[in-house]
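Chains as they are written, first to last, in this note's numbering: chain F, 23 to 429; chain V, 23 to 429.
Just so it is clear, CB atoms sit at the ideal spot from N, CA and C, and this is done for glycine as well.
Since the model is a prediction, treat every value here as computed from it, not as a measurement.
Structure follows, in structure tokens:
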């Protein structure tokens, strides 16, 4: 956990023992001093001293909790939810999710909105994001001064050291832009982390979604782009350069179309949202699907992946074939990943994953078809049930993990 | 690190602090009590007490070391190499590597021999392996009673809990065979670990081979079969069911030949040793290569992957094409793995990796061709320089890691 590097000089200073106690309380929830002592394998007096210090610092609170058995009410140590406010932001290409959480990570208010990111400069975009944050803080009854930590997810690779957006990305104008530095002008007192959106989704799924209890899991986001987020031994795994999960630009056909990344036949050109819409438009132009043509007309010349999912659910064989073809390409790549990494869970997230049940079924079938039964027999494949919440929840968690600096 | 589970009831009992000291000394080599104290962040007296106990137990020694500067000779703590003997065994389908090491992991004697594993029962095979171990112990000046730990690598998936051979494997008659229980009859006092051979190779490469300094690396063994071993954050990564790295039976062609695993078009059917030999035999039968035909005749009707490598080095275009085709299939799978996992190093090991320089070059080129520059630009691809030592060295390391039981 990157709790303490030169990059995170803004934060809350705690002792090593204090940090360990905070981590344990965050993991376990309200807990007695006794149980903390057992968990940490140190002396009771060490725990007592550290807990008292942290309570004085305002980071922890101790209070009586109801005992279900009706016995003496135990005094439990908990994170002080009012110590500060945490902002979670999950920026997509077409959609923004943001939330305000207390210092225990409970989400107090959240908001989702469609965005068109490439029409304005990063600065103007972030200004308008901040307007939304300020109004959400107000809704949650918190001030901008109370913000202690911000987690910000971007749909792009993120340089592990500078935390700037790396190439290739569909965020034109954002390459090398320093989001952290810009947000710092608004929140100089806050620890700010910029992270790839799918890594945050993986963290969110692990904590609040289908991934609870799965310590080795993979989230595949199939939206405007395609990327994977990895939880390995319970933590985000970023690889040796911080760019693990870059599967959208694996070439699956050397004779395929040229991709914006410069390569040919990338997975995204076959299975991401724009590729699916493009294939549906081609089918409409060839007069192959009346249902899709009607939807295009109803949408004033604009067709979405949701439309294609709806056409499939109405029995349109072309729409169904387009969805299943996309799913099969995802499934073939996943067969390699499942054989190699042996996760217990694959979560399919992003807009395309939500088009209809046949998408998840076709991905799962393809994995079973292309991989060894030994690798896939205990594998669960799920559609994300929290696809719009996972990223911002992960952003809050990462921000909270990063806020402490060792004294 | 699986230092203490119900499965490893045979071992050396140490305190939690004692175990931590042993781990630090194993990692760092000879070290002063002062440096240990700093490294562990505990009090000097705690370290002193634990070191004295471990010395009394015979696990550690303290001795003066030469100071290069000619100053006062420091007293350093080290593992007592004579505390016990460790056996490392790396069993392939056609080759056996074994070694005897001291308790510090230094290899004292080693041996390599060709084997034909499927002609005899597992019991008879292990009896003859043990004969070799006994003679190697003798050569190293050690007794069978001194053996405290054994690491045993098998070319098959290994059930994580029972440590028995799992399917599919080319080890016919070994499915579910309990190697550990059988070896225990010879070495009842020893901690015994059974592990997949490629996982052990990955551990060995990380410690003594090209993988030193690479905390996220992948070893691909291409021999009679194909498998991957993963080092993730410096440790063997086994996945959620202990079968990570099962890439030999990923289907790469639904119209391909039937594999012994029951699926069709498995990677092994295109890129492993037997597939390469089969293609060369077909070329000979069609009269396409005189050089290969001469080698077949010289080999009394038997052709090896080494022969094919030699034919390629003599300029035979057919032999070269067969090698490059195999390498390209490996490279395509690796492009997915590199994009997903973002390792800093890929090591190619096993017989096929050693056929000639064009193999490694073609694998590397294919990775670059099929993957995103962001993922592959900092990637190193190496042929293993220790392909026959890595597995048995990894077996010794795993055995040493597993020998301690917490009191």
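**Residues in the region 351-362 of chain V having any Cβ partner in chain F nearer than 7 Å** = Hits within the stretch, in order: 355, 357, 358, 359, 361, 362.
**Request:** List the residues of chain V that residue 188 of chain F touches, going by C-beta distances under 7 Å, in chain order.
**Result:** For this step, residue 188 of chain F is matched to residue 166 along the first chain. The answer, in chain order, is 396.
**Request:** Could you list the residues in the region 252-283 of chain F with a C-beta less than 9 Å from some C-beta on chain V, going in chain order?
**Result:** For the region 252-283 of chain F, which is checked against every Cβ of chain V, the residues closer than 9 Å are 252, 254, 255, 257, 259, 260, 261, 262, 263, 264, 265, 266, 267, 268, 269, 270, 271, 272, 273, 274, 276, 283.
**Message:** For residue 123 of chain F and residue 107 of chain F, what's the separation of their Cα atoms in angstroms?
**Reply:** Here the question's residue 123 of chain F lines up with position 101 in the first chain. Here the question's residue 107 of chain F lines up with position 85 in the first chain. About 6 Å.
**Prompt:** Hey, does residue 404 of chain V have any beta-carbon neighbour from chain F nearer than 7 Å?
**Reply:** As a first step, residue 404 of chain V is located in the second chain; it is residue number 382 there, counting from the start. No, residue 404 of chain V does not count as interfacial toward chain F.
**Request:** Mind reading off the beta-carbon distance from residue 189 of chain F to residue 289 of chain V? Whole number of angstroms is fine, and I expect it under 8 Å.
**Result:** In the first chain, residue 189 of chain F corresponds to position 167, counting from 1. In the second chain, residue 289 of chain V corresponds to position 267, counting from 1. Incorrect: roughly 31 Å between the Cβ atoms, too far for contact.
**Request:** Check whether the region 133-148 of chain F touches the region 102-121 of chain F, taking contact to mean three or more Cβ pairs, one atom from each stretch, closer than 8 Å.
**Result:** yes
**Asked** Does the beta-carbon of residue 224 of chain F have 16 or more other beta-carbons within 10 angstroms, so that it is buried, or is it exposed?
**Response** Numbered from 1 along the first chain, position 202 holds the residue referred to as residue 224 of chain F. When all chains shown are included, residue 224 of chain F counts as buried.
**Request:** Measuring only between beta-carbons, confirm whether residue 392 of chain F sits less than 7 Å from chain V.
**Result:** Here residue 392 of chain F corresponds to residue number 370 of the first chain, with the count starting at 1. Judged by the 7 Å Cβ criterion, residue 392 of chain F is in contact with chain V.
**Prompt:** With C-beta atoms as the reference, is residue 273 of chain F less than 7 Å away from residue 392 of chain V?
**Reply:** Here residue 273 of chain F refers to the residue found at position 251 when the first chain is read from its first residue. Here residue 392 of chain V refers to the residue found at position 370 when the second chain is read from its first residue. Yes, Cβ-Cβ distance for residue 273 of chain F and residue 392 of chain V is below 7 Å.
**Prompt:** Straight-line CA distance for residue 366 of chain F to residue 236 of chain F?
**Reply:** Counting from 1 along the first chain, the entry for residue 366 of chain F is found at position 344. Counting from 1 along the first chain, the entry for residue 236 of chain F is found at position 214. Looking at the two C-alpha atoms, the distance is approximately 7 Å.
**Chain-ordered chain A contacts of residue 63 of chain V [CB-CB under 9 Å]** = No chain A appears in this structure, whose protein chains are F and V.
**Minimum Cβ-Cβ distance from residue 296 of chain F to chain V less than 7 Å** = Residue numbering aside, residue 296 of chain F sits at position 274 when the first chain is read from its first letter. Judged by the 7 Å Cβ criterion, residue 296 of chain F is not in contact with chain V.
**Message:** For a cutoff of 7 Å on Cβ pairs, would you count residue 366 of chain F as touching chain V?
**Reply:** As a working note, residue 366 of chain F is residue 344 in the first chain. It does; some Cβ of chain V falls within 7 Å.
**Message:** Give me, in chain order, the residues of the same chain whose beta-carbon lies closer than 8 Å to that of residue 284 of chain V; leave out the 5 immediate sequence neighbours on both sides.
**Reply:** Stepping through the second chain from its first residue, residue 284 of chain V is reached at position 262. 190.
**Of the residues V:128, V:126, V:127, V:132, the one placed nearest residue 118 of chain V, counting alpha carbons only** = On the second chain, position 96 is the one that residue 118 of chain V refers to. Closest by alpha carbon: V:132.
**Message:** According to DSSP, is residue 364 of chain F part of a helix, a strand, or is it coil?
**Reply:** The residue given as residue 364 of chain F occupies position 342 in the first chain. If DSSP states are grouped into helix, strand and coil, residue 364 of chain F belongs with coil.
**Request:** Can you give me the start and stop residues for the beta strand (DSSP E) that residue 218 of chain V sits inside?
**Result:** Residue 218 of chain V sits at position 196 when you count from the first residue of the second chain. Note, residue 218 of chain V: beta strand (DSSP E), 213-218.
**Prompt:** On the three-state DSSP scale, how would you describe residue 404 of chain F?
**Reply:** As a working mapping, residue 404 of chain F is identified with position 382 in the first chain. Three-state DSSP puts residue 404 of chain F in a strand.
**Asked** If you draw a straight line from the alpha carbon of residue 213 of chain F to that of residue 125 of chain F, how long is it in whole angstroms?
**Response** Position 191 of the first chain, counted from the first residue, corresponds to residue 213 of chain F. Position 103 of the first chain, counted from the first residue, corresponds to residue 125 of chain F. Answer to the nearest angstrom: the Cα atoms are 13 Å apart.
**Item:** Residues bridged to residue 113 of chain V [DSSP beta-bridge criterion]
**Value:** The residue you call residue 113 of chain V lines up with position 91 of the second chain. Answer is V:118.
**Request:** Report the residue from F:43, F:85, F:94, F:172 whose alpha carbon sits nearest the alpha carbon of residue 424 of chain F.
**Result:** Translated into positions along the first chain, residue 424 of chain F becomes position 402. Answer by Cα proximity: F:172.
**Request:** Helix, strand or coil for residue 125 of chain F, going by three-state DSSP, please let me know.
**Result:** Counting from 1 along the first chain, the entry for residue 125 of chain F is found at position 103. Three-state DSSP puts residue 125 of chain F in coil, outside helix and strand.
**Message:** Could you tell me the alpha carbon to alpha carbon distance between residue 252 of chain F and residue 238 of chain F, rounded to whole angstroms?
**Reply:** If you number the first chain from 1, residue 252 of chain F lands on position 230. If you number the first chain from 1, residue 238 of chain F lands on position 216. So the two alpha carbons sit approximately 8 Å from each other.
**Message:** Run through chain V and tell me which residues come within less than 8 Å of residue 221 of chain F, C-beta to C-beta.
**Reply:** For the purposes of this step, residue 221 of chain F is identified with residue 199 of the first chain, where counting begins at 1. Here the premise fails: no neighbours, minimum Cβ distance about 12 Å.
**Asked** To which residues does DSSP link residue 248 of chain V through a beta bridge?
**Response** Reading the second chain from its first residue, position 226 is the one you call residue 248 of chain V. Note: residue 248 of chain V sits in a beta bridge opposite V:244.
**Message:** I'd like to know if residue 413 of chain V contacts chain F, where contact means its C-beta is closer than 7 Å to some C-beta of that chain.
**Reply:** On the second chain, position 391 is the one that residue 413 of chain V refers to. No, because no Cβ of chain F sits closer than 7 Å to the Cβ of residue 413 of chain V.
**Prompt:** Under 7 Å between C-beta atoms, does residue 424 of chain V make it to chain F?
**Reply:** The residue given as residue 424 of chain V occupies position 402 in the second chain. Not an interface residue.
**Request:** Output, in chain order, the set of chain V residues within a Cβ distance shorter than 8 Å of residue 1 of chain F.
**Result:** Given that chain F is displayed from residue 23 to residue 429, the structure contains no residue 1 of chain F and the question cannot be resolved.
**Item:** Chain-ordered neighbours of residue 386 of chain V on chain F, where CB pairs are closer than 8 Å
**Value:** Walking along the second chain from the start, residue 386 of chain V turns up at place 364. What residue 386 of chain V touches in chain F: nothing, since even the nearest Cβ is about 15 Å away.
**Message:** If the criterion is Cβ atoms closer than 7 Å, does the pair residue 99 of chain V and residue 73 of chain V meet it?
**Reply:** For the purposes of this step, residue 99 of chain V is taken as the residue at position 77 of the second chain. For the purposes of this step, residue 73 of chain V is taken as the residue at position 51 of the second chain. Cβ atoms of residue 99 of chain V and residue 73 of chain V: closer than 7 Å.
**Item:** residue 324 of chain F classed as buried or exposed, judged by whether at least 16 other C-beta atoms fall within 10 angstroms
**Value:** For the purposes of this step, residue 324 of chain F is taken as the residue at position 302 of the first chain. Flag for residue 324 of chain F reads exposed.
**Cβ-Cβ distance between residue 378 of chain F and residue 334 of chain F below 7 Å** = Translated into positions along the first chain, residue 378 of chain F becomes position 356. Translated into positions along the first chain, residue 334 of chain F becomes position 312. Yes, these two residues count as a Cβ contact at 7 Å.
**Message:** Assuming contact is defined by CB atoms lying nearer than 7 Å, are residue 429 of chain V and residue 37 of chain V in contact in what I supplied?
**Reply:** Taking the second chain and counting its residues from 1, one reaches residue 429 of chain V at position 407. Taking the second chain and counting its residues from 1, one reaches residue 37 of chain V at position 15. Yes, the Cβ-Cβ distance between residue 429 of chain V and residue 37 of chain V is below 7 Å.
**Asked** Since residue 286 of chain V sits in a beta bridge, which residues does DSSP pair it with?
**Response** Here residue 286 of chain V corresponds to residue number 264 of the second chain, with the count starting at 1. The partner list for residue 286 of chain V (beta bridge, DSSP) reads V:280.
**Message:** Within 10 Å of its beta-carbon, does residue 221 of chain F have 16 or more other beta-carbons around it, so buried, or fewer, so exposed?
**Reply:** The residue given as residue 221 of chain F occupies position 199 in the first chain. By the neighbour-count rule (16 or more Cβ atoms within 10 Å), residue 221 of chain F is buried.
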